[in-house]
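The next block holds one structure in the form of structure tokens; read it before the comments.
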Amino acid sequence: MHDTLPLLKPTTFPGIRRNKLEILQINIGLKCNLACLHCHVNSNPYRKEKMSEETIDAVIECLKSNKFHTLDITGGAPEMHPQFNYLVETASNMGIHVIDRCNLTILEVETYEYLAEFLARNKVEIVASLPCYTEENVDEQRGKGVFNDSINGLLKLNSQGYGKSNSDLQLNLVYNPLGAYLPPPQDELENTYKQKLKSDYGIEFNKLYTLCNMPIKRFGSTLVSKNQFENYITLLKDSHNDENLNDVMCKNLVSVDWEGHVYDCDFNQMLGLNINNNNKKLHISELMTIDVNNTQIAVADHCYGCTAGQGSSCGGALN
């Protein structure tokens, strides 16, 4: 696999500083039942890296510090971690808003059939990847049979009340492009998704988030192999919108890897760019004793992926 970090630094991306921390995002492990082409963390069924019990306890202690109102759990397939349920229940009982970055197909895997009911009982917000509303496009990007499993997973979530207009159970979908181009306008695509999924499958959901593919890890390496890397970076830079700088996700979020190290965002985590550009890694156990508000955020050329066009963040388009 091609290392893209040397191609992303030095950078012309504008300097930015963090605002007040609100969201603690953790990558609980790299094991996943899928191996998607666009995956920026290189997850697959054979990865064994996972957050230790000690680190999960440190996450819980960090939540007790009242620095955060939201715990955003990613993976891999985060639900495959043996302590996922414990962490969700503990955080939920503390009054923390919990987000599960779900690939939907996990709901169809044997031994995980209980998940839809469990997530609903704990009022977990679901942010689910569905890169298209057609079988052909989804299976091309994520593997044969993934679309049908995703539809079945969505139907299970709907049966629990997720995505319904009379329910407070949030079900948000995520679109990302199939290739080296920017997402279309989020509002227009959301309307199309809602019409197609409702008419074809009776599926309802709350919002659609459009995310830009990041030129790092698996997707970045593919761009290098196809000699498309420089052209894609040029596209991101040419599409940069200064107005998006105020709302990028790293302004109110920190990201924690499976070993407990803290980064400015999930993408910096995958690149190994330490928080505040420090040479020494910061551990989550230290986060409770220091103030990272208003500190400089580590940037490189991949950051243009968050400011290009409508912008891109964990919560979708920025404008």
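The opening position of the sequence shown corresponds to residue 1159 in the numbering used here, with each subsequent residue numbered one higher.
A virtual CB, placed ideally from N, CA and C, is assigned to each residue, including glycine.
Tell whether a beta-carbon distance below 8 Å holds between N1477 and E1417. no
Can you give me the C-alpha to C-alpha distance between F1305 and P1289, rounded to a whole angstrom? 9 Å
Where does the unbroken alpha helix (DSSP H) through A1216 begin, and where does it stop? E1211 to L1221
Determine the closest residue to I1455 out of G1467, A1475, C1472 and F1425, with distance taken between C-alpha atoms. F1425
If you scan the stretch 1305-1359 from start to end, which runs of the alpha helix (DSSP H) of 4 or more residues do you find wholly inside it? 1344-1359
Under the three-state DSSP convention, the category T1162 falls into: coil
Around the C-beta of G1430, are 16 or more other C-beta atoms found within 10 angstroms, so that it is buried, or is it exposed? exposed
Secondary structure at I1184, three-state DSSP: helix, strand or coil? strand
To which residues does DSSP link A1466 through a beta bridge? H1398
Helix, strand or coil: which one does DSSP assign to H1227? coil
Which whole-angstrom value describes the C-beta separation of G1233 and I1186, a residue pair presumed to lie in contact below a C-beta threshold of 8 Å? 6 Å
DSSP on L1265, reduced to helix/strand/coil? helix
Using alpha carbons as the reference points, say which of Y1390, L1245 and D1230 lies closest to D1258. D1230
Should G1253 go down as buried or exposed, given a rule of 16 or more other Cβ atoms within 10 Å for buried? exposed
Considering only DSSP beta bridges, list what H1460 is partnered with. Note: H1460 sits in no beta bridge, so no partner.
Three CB pairs or more closer than 8 Å across the stretch 1384-1393 and the stretch 1331-1338: yes
What residue from T1269, S1210, G1463 and N1452 has the CA that sits closest to M1372's CA? G1463
So V1285 packs on N1330, CB below 8 Å; how close in whole Å? 5 Å
Kindly indicate which residue of N1310, D1396, N1399 and D1345 has the alpha-carbon position closest to the one of G1360. N1310
Check whether the stretch 1366-1382 and the stretch 1440-1447 touch, using three or more Cβ-Cβ pairs below 8 Å as the test. no
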